[in-house]
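Q: Numbering-wise (our numbering), the sequence shown opens with residue 46 and increments by one.
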Amino acid sequence: MQQPVDTRSPHSSHPAPAQVLPAVLAAADRGFDRSTERLCDFLRIPSVSTDPAFDHETRRCAEWLVAELRELGFTAEAAKTIGHPMVVAHHPGVGPDAARRPRILYYGHYDVQPADPLELWTSPPFEPALVEGPRGRRVVARGAVDDKGQVMGIVEALRAWHEAAGGPPCPVTLMIEGEEESGSKSLEPFLHEARERLAADVCVVSDTGMWDIETPAITTRLRGLVYSEVTVHGPTRDLHSGMYGGAVPNPVNVLAKILAELHDGDRRVTIPGFYDGVAELPPATKAQWESLGFDEGEFLGDIGLSQGYGERGRSTLERTWSRPTCDVNGIFGGYTGKGAKTVIAAHATAKVSFRLVSRQDPERIAAAFEAFVRERLPAGCRAEFERHGANAAIEVRESSGYLNAAERGLRAVFGRDPLLIGTGGSIPAVGSIARILGVDSLLVGFGLDDDCVHSPNEKFELACYRHAIRSHAAMLAEFAALERA
Ligand code: BES
Ligand code: MN
Ligand code: MN
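1) Touching or not, the stretch 388 to 407 and the stretch 225 to 237, by the rule of three or more beta carbon pairs under 8 Å?
2) Helix or strand or just coil, what does DSSP make of Cys509?
3) How about Ser251 and Ala508: are their beta carbons less than 8 Å apart?
4) If you measure from each CB to the nearest heavy atom of ligand 2 and keep those under 6 Å, what residues do you get, in chain order?
5) For Arg456, does the three-state DSSP call read helix, strand or coil?
6) Taking only runs of the beta strand (DSSP E) that begin and end inside the stretch 421 to 485, which ones reach a length of at least 3 residues, in chain order?
7) Considering only DSSP beta bridges, list what Thr167 is partnered with.
8) Please tell me whether Ser168 and Ala160 are closer than 8 Å, where the distance is taken between their beta carbons.
9) Excluding the 5 residues flanking Val402 on each side, which residues of the same chain have their C-beta closer than 8 Å to its C-beta?
10) Under the criterion of a Cβ to heavy atom distance below 7 Å, does Gln158 qualify as lining ligand 3?
11) Count the other C-beta atoms from every protein chain shown that fall within 10 angstroms of the C-beta of Ala209, then say buried if there are 16 or more, exposed otherwise.
12) Compare the beta carbon distance of Gly460 and Met255 with 8 Å and say whether it is the shorter of the two.
13) Am I right that Glu225 and His154 are in contact with their C-beta atoms under 8 Å? What's the rounded C-beta distance?
14) Mind checking Arg183: buried by the 16 CB within 10 Å criterion, or exposed?
15) Would you identify the three-state DSSP class for Ser398, choosing helix, strand or coil?
16) Heavy atom of ligand 1 less than 7 Å from the Cβ of His135, yes or no?
17) Who are the near neighbours of Phe99 in its chain, counting only those whose CB is closer than 6 Å to its CB and skipping five residues on each side?
18) Is DSSP giving Cys248 helix, strand or coil here?
19) Go ahead and pull the three-state DSSP assignment for Asn298.
20) Roughly how many angstroms separate the alpha carbons of Val299 and Ser360, rounded to a whole number?
21) Keeping to the same chain, check which residues put their C-beta closer than 6 Å to that of Leu114; ignore five residues upstream and five downstream.
22) DSSP three-state call for Phe377: helix, strand or coil?
23) Please indicate yes or no: does the CB of His433 lie closer than 7 Å to some heavy atom of ligand 3?
24) Let me check understanding here. Comparing Cα to Cα, which of Gln352, Gly379, Pro261 lies closest to Val297?
25) Hey, could you find the ends of the alpha helix (DSSP H) Arg266 is sitting in?
26) Quick one: grab the DSSP three-state call for His101.
27) Quick check on this structure: which residue in Gln64, Val190, Asp406 has the alpha carbon closest to the alpha carbon of Ser500?
28) Near Arg180, which residues of its chain fall below 8 Å by C-beta distance, leaving aside the five closest residues on each side in sequence?
29) What are the start and end residues of the alpha helix (DSSP H) that includes Ile199?
30) Roughly how many angstroms lie between the CA atoms of Met131 and Tyr152, to the nearest whole one?
31) Measuring alpha carbon to alpha carbon, tell me which of Gly425, Arg480, Ala435, Val397 ends up nearest Thr281.
32) Short check: CB of Asp246 to CB of Ala530, under 8 Å?
33) Leaving aside the five residues before and after Pro423 along the sequence, list all residues of the same chain whose C-beta is less than 8 Å from its C-beta, in chain order.
34) Helix, strand or coil: which one does DSSP assign to Ile514?
35) Ligand 3 heavy atoms versus the CB of Val250: any closer than 7 Å?
36) Just curious, the beta strand (DSSP E) that Glu222 is in, first and last residue?
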């Protein structure tokens, strides 16, 4: 490669990362069609982590990713865990300066949500379709944006560095998990066990969204999540609702009444202590969010609504980014088949989740919910609970060397400043990585609100995919120019 002498870094004959970047971006652009084919290969493997019927495919998916990373000069393995394999890969970086530069850890997930309801897909969920949309071509498949497309944004950026410079400019480790969508039970044990191998100065997570298709974003707030399943038991068997109705507790009625009591007339959650630790938004953050020009009409119109609904006196952005919530995610019991059956069921179940913010304590909220239900049970009923995870909210510092470097990289690719945003979603790994590895995360994602995450016809715009690859390539050059903290 030709490089004029005065562009080289002071202590070596290797060109500085910023000087190599144009060649890296050119390699990314040249290879984009192949990058899209590789993403489609990844999407064809149905790595549904929650369903044991897909265990073999989930493993095959991990191994596919390992093979890709080995091609790029990484030592990589599908590490054994108590659950699905963890893909771990490492590259020491190229050139004599690499060892002194910041160590970058990338986190993402190769598992996906189940594809159901299948009948609502316009093409089979694991046969990626390239479809022309209003903003150019898009790939439609389960996992397109959450998170395979975003993981491939990182992998293909590393491929561009490999092709143009022989490898990344700094030490790089990837940890791509296979259980993010199903409770991450292996993650924390694995982090403890692999602490040394995962040592890093910053963690980059690509599993969130942009502001809009032209405007990149860095997410600085993730909500936490408590998920509890409650079953109310009443009579020892299903009963004729004529013979017994009105004289015995009906678990479906009982559960429905308790769930209805979870919110008051202002749509606030009524569980005692629920708002403990919830901070009001700092005025500067509130003002920044107001200046974003959020298009509520578009956000709601996309899902067939014209009016928001939630805690009284709060804007839609506040409600999703900075306020805690309670939602019933599923409810069942009694007769749910066709036609009518006059029955009082012996039990009824609801899956209830809480999104948490600020310093709300997940354990206390899970326990307070259980107490709330138990206190309201009539004689003759009892409740059983199953917890499916409890994670606190995350807030990322809004200014740091790494965040500023990411901003410069994004600005170089998009030609405009990234916005600092929140999200209503949760990524439990971010908290675990901070706690166990002592590493802060930077959340830079490339999804759009209308990508149908977890829904039928999930998609990723190819424009977003291309921006993801270019942005990760550019951010890596910026990170490499920083002093290791
Ligand atoms: N990538 C999402 C989180 C997300 C969604 C971030 C939308 C930003 C916008 C992640 O894969 C996810 O779905 N998380 C789950 C939690 C997990 C414990 C199942 C969530 O938020 O429900
Ligand atoms: Mn995700
Ligand atoms: Mn998800």
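Using N, Cα and C, we set each Cβ at its ideal position, and we do this for glycine too.
Just so you know, these numbers come straight off a predicted model, no measurement behind them.
A: Looking at the coordinates:
1) Short answer: they don't touch.
2) Against the sequence shown, residue 509 aligns to sequence position 464. Of the three classes helix, strand and coil, the one that applies to Cys509 here is helix, per DSSP.
3) Within the sequence shown, the letter at position 206 stands for residue 251. Within the sequence shown, the letter at position 463 stands for residue 508. 8 Å or more divides the Cβ of Ser251 from the Cβ of Ala508.
4) Listed by chain position, these are His154, Asp191, Asp192, Glu225, Asp252.
5) Counting from one through the sequence shown, the residue named residue 456 turns up at place 411. Three-state DSSP puts Arg456 in a helix.
6) For the stretch 421 to 485, whole beta strand (DSSP E) runs of length 3 or above, ordered along the chain, are 427 to 436, 464 to 467.
7) Within the sequence shown, numbered from 1, the residue matching residue 167 stands at position 122. DSSP output for Thr167 lists no bridge partner at all.
8) Looking up residue 168 in the sequence shown gives position 123. Looking up residue 160 in the sequence shown gives position 115. No, they are not a contact pair.
9) Walking along the sequence shown from the start, residue 402 turns up at place 357. Contacts found: Arg266, Arg268, Gly269, Val323, Ala324, Ser367, Arg368, Pro369, Ala438.
10) Taking the first residue of the sequence shown as position 1, residue 158 is located at position 113. Within the cutoff, so yes.
11) Position 164 of the sequence shown, counted from the start, is the residue given in the question as residue 209. Looking at its Cβ environment, which holds 16 or more other Cβ atoms inside 10 Å, Ala209 is buried.
12) As a first step, residue 460 is located in the sequence shown; it is residue number 415 there, counting from the start. As a first step, residue 255 is located in the sequence shown; it is residue number 210 there, counting from the start. Against a cut-off of 8 Å, the Cβ pair of Met255 and Gly460 comes out as no contact.
13) What you label residue 225 is simply residue 180 of the sequence shown in a count that begins at 1. What you label residue 154 is simply residue 109 of the sequence shown in a count that begins at 1. The distance from the Cβ of Glu225 to that of His154 is about 4 Å, consistent with a contact at the 8 Å cut-off.
14) As a first step, residue 183 is located in the sequence shown; it is residue number 138 there, counting from the start. With 16 or more Cβ atoms within 10 Å of its Cβ, Arg183 is classed as buried.
15) For this step, residue 398 is matched to residue 353 along the sequence shown. Note: Ser398 maps to strand in three-state DSSP.
16) Indexing the sequence shown from 1 puts residue 135 at position 90. No, since every heavy atom of ligand 1 falls outside the 7 Å radius drawn around the Cβ of His135.
17) Here residue 99 is taken as the residue at index 54 of the sequence shown, counted from 1. Pro91, Val93.
18) Locating residue 248 in the sequence shown gives position 203, counting from the first residue. Looking at Cys248 - three-state DSSP - the assignment turns out to be strand.
19) Counted from its first residue, the sequence shown places residue 298 at position 253. Reduced to three states, the DSSP call for Asn298 is helix.
20) Here residue 299 is taken as the residue at index 254 of the sequence shown, counted from 1. Here residue 360 is taken as the residue at index 315 of the sequence shown, counted from 1. Each residue's alpha carbon lies about 33 Å from the other.
21) Here residue 114 corresponds to residue number 69 of the sequence shown, with the count starting at 1. Same-chain partners within the cutoff: Ala121, Ala134.
22) Taking the sequence shown and counting its residues from 1, one reaches residue 377 at position 332. Here DSSP, grouped into helix, strand and coil, assigns Phe377 to strand.
23) Along the sequence shown, one-based indexing puts residue 433 at 388. Flag unset: Cβ of His433 not near ligand 3.
24) Looking up residue 297 in the sequence shown gives position 252. Ranking the options by Cα distance to Val297, first place goes to Gly379.
25) Counting from 1 along the sequence shown, the entry for residue 266 is found at position 221. Counting along the chain, Arg266 sits inside no alpha helix (DSSP H); it lies in the beta strand (DSSP E) bounded by residues 262 to 267.
26) Stepping through the sequence shown from its first residue, residue 101 is reached at position 56. When secondary structure is reduced to three states using DSSP, His101 falls in the helix class.
27) Counted from its first residue, the sequence shown places residue 500 at position 455. It is Val190 whose Cα lies nearest to the Cα of Ser500.
28) As a working mapping, residue 180 is identified with position 135 in the sequence shown. Closer than 8 Å at the Cβ level, and outside the excluded window around Arg180, lie Ile258, Glu506, Ala508.
29) As a first step, residue 199 is located in the sequence shown; it is residue number 154 there, counting from the start. Start and end: 194 to 210.
30) Position 86 of the sequence shown, counted from the first residue, corresponds to residue 131. Position 107 of the sequence shown, counted from the first residue, corresponds to residue 152. If I take the Cα positions, the gap works out to 11 Å.
31) Here residue 281 corresponds to residue number 236 of the sequence shown, with the count starting at 1. The candidate whose alpha carbon is nearest that of Thr281 is Gly425.
32) As a first step, residue 246 must be located in the sequence shown, where it is residue number 201. As a first step, residue 530 must be located in the sequence shown, where it is residue number 485. Contact flag set, yes.
33) Translated into the one-based positions of the sequence shown, residue 423 becomes position 378. Excluding residues within five positions, the ones whose Cβ falls inside 8 Å are Pro294, Val299.
34) Taking the sequence shown and counting its residues from 1, the one referred to as residue 514 is at position 469. Ile514: helix per DSSP, three-state reduction.
35) By one-based count along the sequence shown, residue 250 stands at place 205. The closest heavy atom of ligand 3 lies 7 Å or more from the beta carbon of Val250.
36) The residue labelled residue 222 in the question sits at position 177 within the sequence shown. 217 to 222 is the span of the beta strand (DSSP E), which, as asked, contains Glu222.
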